[in-house]
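Each residue of the sequence shown is one higher than the last, beginning at 696 in this note's numbering.
Virtual Cβ for every residue (Gly too), placed ideally from N, Cα, C.
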Amino acid sequence: MKTAKLLALCAAIMAVPACTEKSAWSVSGVVEGAPQGTAMAVEANNAGRWYVLDSVATDKNGNFEYRASEVPSRPEIMRLTLPGKGSIYFPADSATNVTVRTSADGFASAHSLGGSEAAGKMSQVDSLCRSGKPMEELRRELVGYVINDTTGIVAYYTVGKTIGNVPVFDANESFGNRAYGAAAQVFASYRPDDTRGKALLNTYVSGRSAMGKLPAAEEKVIELESRGLFDIDRYDNKGVRHSLVETAKPGKVVLLSFTAYTADGSPDYNRELFELYSKYHDKGLEIYQIAFDEDEVAWKEAAANLPWITVWNSPAEGRQPLLDYNVGALPMTFVIDRNGDLRKRVANRAELPSEVAKLF
696 MKTAKLLALC AAIMAVPACT EKSAWSVSGV VEGAPQGTAM AVEANNAGRW
746 YVLDSVATDK NGNFEYRASE VPSRPEIMRL TLPGKGSIYF PADSATNVTV
796 RTSADGFASA HSLGGSEAAG KMSQVDSLCR SGKPMEELRR ELVGYVINDT
846 TGIVAYYTVG KTIGNVPVFD ANESFGNRAY GAAAQVFASY RPDDTRGKAL
896 LNTYVSGRSA MGKLPAAEEK VIELESRGLF DIDRYDNKGV RHSLVETAKP
946 GKVVLLSFTA YTADGSPDYN RELFELYSKY HDKGLEIYQI AFDEDEVAWK
996 EAAANLPWIT VWNSPAEGRQ PLLDYNVGAL PMTFVIDRNG DLRKRVANRA
1046 ELPSEVAKLF
């Protein structure tokens, strides 16, 4: 009896690693019209250079399946290449099972992806790029995939798209530059240790410099932005101009608040901020709140009752701060620590008190 119990216990212990071990990614699907044995290359990227990782072939029905042997250390973009027919790009992460549906004749021009949210989004991006829409209209639609991404992969893939060797987003012109800034912010918020975020940020800063928006003397701004903080410079209800970069000087904890005072739930949101402001302001907390109300008069009336920094983003000024900080819904709050680093994006207001408390 004791031996049986011991064996059972050992079996249970040996089974634990198998339950917690991460599985590698896979890609499978169908290439309609492909003869049996049609070979495709599974390719990975290393510093901009594509190389063959392995190969996979179709069966008599055009079906194929490839399972990776290693789990990537971070989400990656892979591609499936059919010689002479182009490549299909897809995301790969641990336990990701991407599905592909395409045809032998329209391999890279009429495919669809599934199996994960990122795969579906990348497929939609490719479909839009094949739609033939005017470039300006296409850019406006595609930038939404950058702003609303939480994976990094979709944003990175989207800003790098080209059509006929022409970049969809050019970091050296205003709209494209803001798209690169938004993609960099996705990484700052969700994947701060990913080197691709730094590369996107460098492209963004270089583009701003090329447009004359970052003179060499503004080294302090560049330093802060390299840590994921993009400056906002607007007027308050008394006509005083406030810079977020200046507000977030080392030594202060700053809540960057995006809101609209006329929106549902705004009073409750501001009451929650007031509680934090009352508790921590004397200890170094500041709030920099930017409102996106359409009516300046209504905004001024509401702002007059608030003790923190409140600035207005007029409709004429556009939505660049929302793009820079990847804000898809209001209200949204960011926590900036005492070093001027963008520490946390807090979408769930219930988590805000605990996140602020960590810094005091």
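Roughly how many angstroms separate the alpha carbons of residue i and residue j, rounded to a whole number?
{"i": "residue 905", "j": "residue 898", "result": "10 Å"}
{"i": "residue 1020", "j": "residue 880", "result": "6 Å"}
{"i": "residue 840", "j": "residue 811", "result": "15 Å"}
{"i": "residue 1055", "j": "residue 862", "result": "45 Å"}
{"i": "residue 1052", "j": "residue 723", "result": "47 Å"}
{"i": "residue 848", "j": "residue 878", "result": "10 Å"}
{"i": "residue 795", "j": "residue 809", "result": "7 Å"}
{"i": "residue 1010", "j": "residue 869", "result": "17 Å"}
{"i": "residue 936", "j": "residue 929", "result": "5 Å"}
{"i": "residue 728", "j": "residue 799", "result": "5 Å"}
{"i": "residue 1017", "j": "residue 753", "result": "45 Å"}
{"i": "residue 818", "j": "residue 963", "result": "39 Å"}
{"i": "residue 969", "j": "residue 996", "result": "17 Å"}
{"i": "residue 769", "j": "residue 788", "result": "7 Å"}
{"i": "residue 833", "j": "residue 825", "result": "10 Å"}
{"i": "residue 1039", "j": "residue 1045", "result": "14 Å"}
{"i": "residue 735", "j": "residue 748", "result": "11 Å"}
{"i": "residue 983", "j": "residue 956", "result": "14 Å"}
{"i": "residue 1005", "j": "residue 774", "result": "47 Å"}
{"i": "residue 994", "j": "residue 1042", "result": "23 Å"}
{"i": "residue 801", "j": "residue 890", "result": "34 Å"}
Would you call residue i buried or exposed, if buried means 16 or more other Cβ atoms sit within 10 Å of its Cβ?
{"i": "residue 927", "result": "buried"}
{"i": "residue 966", "result": "exposed"}
{"i": "residue 1002", "result": "exposed"}
{"i": "residue 985", "result": "buried"}
{"i": "residue 992", "result": "exposed"}
{"i": "residue 673", "result": "Nothing in the structure corresponds to residue 673, since the chain is present only between 696 and 1055."}
{"i": "residue 1008", "result": "buried"}
{"i": "residue 977", "result": "exposed"}
{"i": "residue 1035", "result": "buried"}
{"i": "residue 858", "result": "exposed"}
{"i": "residue 778", "result": "exposed"}
{"i": "residue 844", "result": "buried"}
{"i": "residue 746", "result": "exposed"}
Taking DSSP's pairing of strands, which residues face residue i in a bridge?
{"i": "residue 937", "result": "929"}
{"i": "residue 950", "result": "982, 1030"}
{"i": "residue 1007", "result": "986"}
{"i": "residue 749", "result": "737"}
{"i": "residue 827", "result": "Paired residue(s): none; residue 827 is not in a bridge."}
{"i": "residue 727", "result": "798"}
{"i": "residue 744", "result": "741"}
{"i": "residue 721", "result": "762, 792"}
{"i": "residue 771", "result": "787"}
{"i": "residue 776", "result": "736, 782"}
Looking only at C-alpha atoms, which of the options sits nearest to residue i?
{"i": "residue 875", "options": "860, 980, 837, 827", "result": "837"}
{"i": "residue 855", "options": "885, 821, 832", "result": "821"}
{"i": "residue 1014", "options": "873, 1003, 817, 779", "result": "873"}
{"i": "residue 959", "options": "807, 802, 734, 1025", "result": "1025"}
{"i": "residue 765", "options": "750, 758, 719, 941", "result": "719"}
{"i": "residue 797", "options": "786, 776, 816", "result": "776"}
{"i": "residue 924", "options": "827, 791, 1031", "result": "1031"}
{"i": "residue 947", "options": "886, 745, 975, 931", "result": "975"}
{"i": "residue 1049", "options": "988, 989, 971", "result": "971"}
{"i": "residue 815", "options": "830, 802, 827, 791", "result": "791"}
{"i": "residue 803", "options": "892, 726, 1029, 751", "result": "726"}
Secondary structure at residue i, three-state DSSP: helix, strand or coil?
{"i": "residue 835", "result": "helix"}
{"i": "residue 1039", "result": "strand"}
{"i": "residue 820", "result": "helix"}
{"i": "residue 1014", "result": "coil"}
{"i": "residue 787", "result": "strand"}
{"i": "residue 887", "result": "coil"}
{"i": "residue 942", "result": "helix"}
{"i": "residue 807", "result": "strand"}
{"i": "residue 640", "result": "Since the first residue shown for the chain is 696 and the last is 1055, residue 640 is missing from the structure and cannot be characterised."}
{"i": "residue 876", "result": "helix"}
{"i": "residue 683", "result": "Since the first residue of the chain shown is 696 and the last is 1055, residue 683 is not available in this structure."}
{"i": "residue 812", "result": "helix"}
{"i": "residue 868", "result": "coil"}
{"i": "residue 754", "result": "coil"}
{"i": "residue 1020", "result": "coil"}
{"i": "residue 1048", "result": "helix"}
{"i": "residue 856", "result": "coil"}
{"i": "residue 962", "result": "helix"}
{"i": "residue 957", "result": "coil"}
{"i": "residue 1053", "result": "coil"}
{"i": "residue 998", "result": "helix"}
{"i": "residue 907", "result": "coil"}
{"i": "residue 1025", "result": "coil"}
{"i": "residue 924", "result": "coil"}
Please indicate yes or no: does the CB of residue i lie closer than 6 Å to some heavy atom of the ligand GDP?
{"i": "residue 857", "result": "What this structure holds is no ligand at all, so the ligand GDP is not there to describe."}
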